[in-house]
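I have placed the structure first, in the form of structure tokens, so that the comments after it can refer back to it.
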Amino acid sequence: MAEIDKKEELLKVSDEISKCFECPLSKTRTNTVPGEGNSDADIMLIGEAPGFHEDEKGVPFCGAAGKFLEEMLAGIGLKRDDVFIANTLKCRPPENRDPEESEKTACRPYLDRQIKIINPKLIVGLGRHAVSTLMPGAGSITQLHGKAVRRPSGQVYFALYHPAAALHNGSLRQTLIDDFKKIPPIIEKIKNEKLKMKKEDNQEDVKQQKLI
Ligand code: URA
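The sequence shown begins at 9 in the working numbering and counts up one residue at a time.
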């Protein structure tokens with residue numbers, strides 16, 4: 009899909025989210041927080057749910073955790089606008105309580121549509137809720153953090169500790185910073201694999217042409 013079409017499709021999803029009343033969080037939200045960033049991003053970062061600041065502004069990761077996330081992005085030469093940032097839930101749970109299963113289920117189609125439109129090379133799950141939503145059955149965040157996993161769909165996922173949790177825990181913070189630095193070589197590997205597959209496809213085409 010061309011980038012301009014991706015932008016348009018993402019706007020449609022955001023518009024639908026702004027009118028969503030599929031779960032009770034729609035009654036307590038100030039703003040919906042659909043997500044934002046590069047519609048043609050190689051990397052999608054998915055957090056848990058909007059917090060106080062996000063609900064106030066309608067912007068994901070705009071508080072202290074967001075500032076830390078931006079610092080880690082800068083550490084690998086990226087800006088916020090280079091990636092797409094979203095959450096598993098598009099509305100804030102009251103008092104930042106954990107998302108409920110029914111809320112996750114109601115909100116999931118929006119995230120799935122965003123992923124399909126952007127078609128990122130890598131989906132990064134931030135924190136245990138995002139990781140269990142994105143990679144069900146793959147393991148706990150303690151087992152999975154810092155590892156790239158290709159799921160049966162072919163999509164590659166990468167699990168990280170949540171920046172908010174790491175902010176208040178020194179050893180988690182360093183682990184998160186170290187894990188984050190693994191992102192560029194993973195992207196490079198995925199790009200090289202795609203190139204190799206394309207080359208093999210082309211060779212297959214040539215073979216088929218000869219056969220015909
Ligand atoms: N924590 C999240 O998981 N998402 C946000 O957008 C902000 C904080």
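Where a beta carbon is used, it is the ideal one built from N, C-alpha and C, also for glycine.
Residue i beta carbon near the ligand URA (any heavy atom closer than 6 Å)
{"i": "Phe69", "result": "yes"}
{"i": "Pro101", "result": "no"}
{"i": "Leu58", "result": "In the sequence on display, residue 58 carries Pro and not Leu. Because some heavy atom of the ligand URA lies under 6 Å away, the Cβ of Pro58 counts as near it: yes."}
{"i": "Asn95", "result": "yes"}
{"i": "Gly55", "result": "yes"}
{"i": "Ala173", "result": "no"}
{"i": "Ala10", "result": "no"}
{"i": "Glu62", "result": "yes"}
{"i": "Ala114", "result": "no"}
{"i": "Ala167", "result": "no"}
{"i": "Ala73", "result": "yes"}
Exposure label - residue i; buried when at least 16 CB within 10 Å
{"i": "Asn200", "result": "exposed"}
{"i": "Lys35", "result": "exposed"}
{"i": "Thr141", "result": "buried"}
{"i": "Gln211", "result": "exposed"}
{"i": "Met205", "result": "exposed"}
{"i": "Gly231", "result": "Lying before the first or after the last residue shown, residue 231 is absent from the chain, which here runs from 9 to 220."}
{"i": "Gln182", "result": "exposed"}
{"i": "Arg116", "result": "exposed"}
Whether residue i touches residue j by CB criterion (7 Å)
{"i": "Val41", "j": "Gly66", "result": "yes"}
{"i": "Ile93", "j": "Pro68", "result": "yes"}
{"i": "Ile126", "j": "Ile191", "result": "no"}
{"i": "Leu119", "j": "Pro107", "result": "no"}
{"i": "Tyr169", "j": "Val157", "result": "no"}
{"i": "Asp13", "j": "Thr38", "result": "no"}
{"i": "Ile54", "j": "Ala167", "result": "no"}
{"i": "Leu33", "j": "Cys99", "result": "yes"}
Residue-level contact to chain D via CB, residue i, 7 Å cutoff
{"i": "Glu111", "result": "Considering every chain present, this structure includes no chain D. It has just one protein chain."}
Complete runs of the beta strand (DSSP E) confined to the region 51 to 75 [at least 3 residues]: 51 to 55
Just list the beta strand (DSSP E) runs in the region 83 to 161, keeping only unbroken ones of 3 residues or longer that don't cross its boundaries, in chain order. 92 to 95, 130 to 134, 156 to 158
Whole runs of the alpha helix (DSSP H) within the region 164 to 198, excluding any shorter than 4 residues: 171 to 175, 178 to 188
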